[in-house]
Amino acid sequence: EDQVTQSPEALRLQEGESSSLNCSYTVSGLRGLFWYRQDPGKGPEFLFTLYSAGEEKEKERLKATLTKKESFLHITAPKPEDSATYLCAVQRVRITQGGSEKLVFGKGTKLTVNP
Amino acid sequence: DVKVTQSSRYLVKRTGEKVFLECVQDMDHENMFWYRQDPGLGLRLIYFSYDVKMKEKGDIPEGYSVSREKKERFSLILESASTNQTSMYLCASSLGVLGFGQYFGPGTRLTVT
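From first to last, the protein sequence lines are chains X and H.
In this text, residue positions in the first sequence follow our numbering: the first is 138, and each later residue adds one.
In this text, residue positions in the second sequence follow our numbering: the first is 26, and each later residue adds one.
Laid out in structure tokens, this is it:
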């Protein structure tokens with residue numbers, strides 16, 4: 138069964154204190170790994186898709202990397218507005234014709250950045 | 026920008042009522058999804074649709090049905106609402122079948138009393 142585990146569950150940082158969030162996964166053939174940001178009471182906001190080991194994507198202070206077993210979301214010099222829950226999801230390779238393959242989500246890391 | 030809208034942000038219904046949640050996307054996406062999100066359980070897929078009039082069950086379809094009569098619109102129906110269906114409901118859409126990110130709506134907080 139496909140599984141996604143995110144760690145830590147919660148992380149408190151001071152403004153400017155860089156850190157990383159982890160997403161470990163087991164899936165029988167990875168089609169894509171996705172990172173989302175979710176603010177309280179709102180829907181998740183799509184950030185990145187990573188497709189293969191060694192790939193990296195960047196957006197402002199965020200950088201996502203991928204290995205064969207995990208992904209990291211690196212946050213450089215975070216600001217209070219980066220406070221949110223960050224979700225990771227994986228999609229497996231589809232082996233039958235038609236339809237789609239669902240995303241399997243982790244439970245998220247709640248990031249708090251204090252000024 | 027992709028825009029996914031949901032018919033209500035907050036909804037309060039009574040046990041046994043039939044509830045309709047509507048979702049509309051404006052980017053001509055093929056795929057649409059309904060999730061519910063609960064503390065400690067994360068996001069769970071209820072149903073998804075990869076084409077008009079096509080649907081597939083997700084992880085927790087019991088007590089729910091869906092309808093997709095037009096490409097841009099995907100409805101979630103609670104046939105007879107129960108208190109354990111109190112949750113945040115999220116609709117999403119994606120361009121392609123595989124490898125495409127899903128874009129979420131703002132969510133509907135449903136309370137069943």
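All residues carry an ideal CB built from backbone N, CA and C; glycine is no exception.
When the beta-carbon positions are compared, residue 45(H) and residue 116(H) stay at least 8 Å from each other.
In the structure shown, residue 97(H) adopts coil according to DSSP, grouped into three states. According to the DSSP assignment, residue 67(H) belongs to the beta strand (DSSP E) that extends over 67-76. Using a Cβ-Cβ cut-off of 8 Å, residue 86(H) does not count as an interface residue toward chain X, since no Cβ of chain X sits closer than that to its own. Residue burial annotation: residue 104(H) is exposed, with fewer than 16 other C-beta atoms found within 10 angstroms of its C-beta.
Residue 243(X) has a beta carbon lying within less than 8 Å of a beta carbon in chain H.
Pairing residue 54(H) with residue 251(X), the inter-Cα distance amounts to about 38 Å. Going by C-alpha positions, residue 158(X) is about 17 Å away from residue 181(X).
By the Cβ-count criterion, residue 136(H) is exposed, with fewer than 16 other Cβ atoms from all chains shown falling within 10 Å of its own Cβ.
Residues of the stretch 163-181 of chain X whose Cβ lies closer than 7 Å to any Cβ of chain H, in chain order: 168, 169, 171, 179, 180, 181.
Pairing residue 221(X) with residue 149(X), the inter-Cα distance amounts to about 11 Å. A straight-line Cα-Cα distance of about 5 Å links residue 134(H) and residue 35(H).
Closer than 7 Å at the C-beta level to chain X, one finds these residues of the stretch 67-100 of chain H: 67, 68, 70, 73, 75, 81, 83.
The CB of residue 239(X) comes closer than 9 Å to the CB of 58, 70, 73, 81, 83, 84 in chain H, given here in chain order. The contact set of residue 45(H) on chain X, defined by CB atoms closer than 7 Å, is empty, because the minimum CB distance reaches about 19 Å. Proximity of residue 186(X) to chain H, defined by a Cβ-Cβ separation below 8 Å, is satisfied. Exclusion of the five residues before and after residue 84(H) leaves 69, 70 as the residues of its chain whose Cβ lies within less than 7 Å of its Cβ.
Counting only Cβ-Cβ distances below 7 Å, residue 209(X) has no contacts in chain H at all, with the closest Cβ about 18 Å away. Spatial neighbours of residue 41(H) in its own chain (CB-CB distance under 7 Å, excluding positions within 5 residues in sequence) are listed in chain order as 105, 106. The three-state reading of DSSP puts residue 108(H) in helix, counting H, G and I together.
Shown here, residue 218(X) sits in a helix according to DSSP, grouped into three states.
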